[in-house]
Amino acid sequence: MPELPEVETLRRQLGAAVAGRAWTRVTARPSSLFRTPAREVAAALTGARLLTVTRRGKVLLFGFAGSRTLLVHLGMSGQVLLVPPAVPGERHRHLEAELDDGRVLVFRDPRRFGYLRLLADAGLADARELAGVGADPLDGARTWEAFAQAFRGRRGAAKAVLLQQGVLAGIGNVYADEILHAARVQPGRSAVTLTAVEVKELFHAIRDVLARAVDLGGTSFDEAFTDLYGRPGMYGASLKVYGRAGEPCLRCHTRLKGSTTGGRSSVFCPHCQK
DNA sequence: AGTAGGACCTGGTGGC
DNA sequence: TGCCACCAGGTCCTAC
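Numbering (numbering that gives the first Met the number 0), first residue to last: 0 to 273.
Written out as structure tokens, the structure reads:
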């Protein structure tokens, strides 16, 4: 369930540890993950030097010399790992890139909900993977007024709007629940009914929750997410509602309620979330 | 334009 | 112990 904090954690680590390295040998095993044929990806990236690693919402962009960019979405079980050369391949390795320092960059994804796509930089502007990606919640220049305008233009439930990547990019099911609890807004509440004060509260909750989750290296459930070095994120201990249906609200001790809307599970406090 | 539902996929879990 | 139904999640698609 990599959402913004998990993807950002990886981006920072990749930028520090892998950017600047050439990919000396690339193995790509064909699977439904590859939106560019695996053979083509391997051929194009063998010998290529990775220059930058950036992020748009939940999408990682690996920028290579020669004006090519590899888009990587981790879906819900995707992992990017940096391992020593001798580590034998566990299952579900879709792409392995040997670096010019001998280490190996691994892309795993047991459930294969993610994707990889290689594009010429000129094609980035109209890549469908990025077309719906909106502003970044951690962009310090964003004001709550701009958020309010984007948020209140949508008709659906508050949670559904938070999950729309075009409003703010990078929020998934886990952090949406945490944000709504922090802002004291029920997930099913119609977005247009929020007062200006509530929208402002929501905006600050988005920032606070995501920034703190980034600081703690994201959230890990089982092995669904680990950082570049296989270590779990530490935000799990800070979760207030996700995974806690039936347990007491940490703010008011009311039993937290679970619900399902649009195929997504939600947990919220029926008392202190309005 | 919204909502709901299914599809994708596999590891883990709970029930019998 | 074994088997199976079911669930989780992000995104995309179709149907109302």
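For each residue, glycine too, the CB sits at the ideal point set by N, CA and C.
A quick note: this is a predicted structure, and the numbers were derived from the prediction, not measured.
Supposed contact pair residue j and residue i - C-beta distance, whole angstroms, cut 8 Å
i, j, result
"L60", "T68", "5 Å"
"R188", "A157", "5 Å"
"D176", "S265", "6 Å"
"R20", "L98", "4 Å"
Length of the line joining the Cα atoms of residue i and residue j
i, j, result
"R38", "R102", "22 Å"
"R34", "R116", "5 Å"
"I178", "L201", "7 Å"
"A168", "G133", "5 Å"
"G309", "F267", "Residue 309 cannot be examined here, being either before or after the span of the chain that is shown, 0 to 273."
"G139", "G56", "15 Å"
"T8", "M0", "13 Å"
"A223", "G245", "24 Å"
"R11", "A126", "24 Å"
"E5", "G62", "19 Å"
"G65", "T23", "15 Å"
"C248", "R153", "29 Å"
Strand pairing of residue i, partner residues [DSSP]
i, result
"L129", "Partner(s): none; L129 has no beta bridge."
"K256", "F267"
"E95", "T26 and V105"
"S189", "A156"
"M233", "T218"
"Y114", "H72"
"T281", "Residue 281 lies beyond the stretch modelled for the chain, which goes from 0 to 273, so this question has no answer here."
"L80", "V105"
"R11", "Answer is none; R11 lacks a bridge partner."
**Asked** Three or more beta-carbon pairs under 8 Å between the stretch 155-165 and the stretch 250-259, yes or no?
**Response** Too few Cβ pairs lie closer than 8 Å, so no.
**Asked** Of all the alpha helix (DSSP H) runs that stay within the bounds of the stretch 143-186, which reach a length of 4 or more residues?
**Response** 143-151, 157-162 and 172-182
**Asked** With a cut-off of 8 Å, do at least 3 Cβ pairs link the stretch 31-51 to the stretch 78-88?
**Response** no
**Asked** For the 8 Å Cβ check, are there 3 or more pairs between the stretch 261-269 and the stretch 39-58?
**Response** no
**Message:** With a threshold of 8 Å, are at least 3 pairs of Cβ atoms found where one atom belongs to the stretch 89-98 and the other to the stretch 26-33?
**Reply:** yes
**Message:** I want to know whether the stretch 190-205 touches the stretch 142-151 - three or more CB-CB distances under 8 Å.
**Reply:** yes
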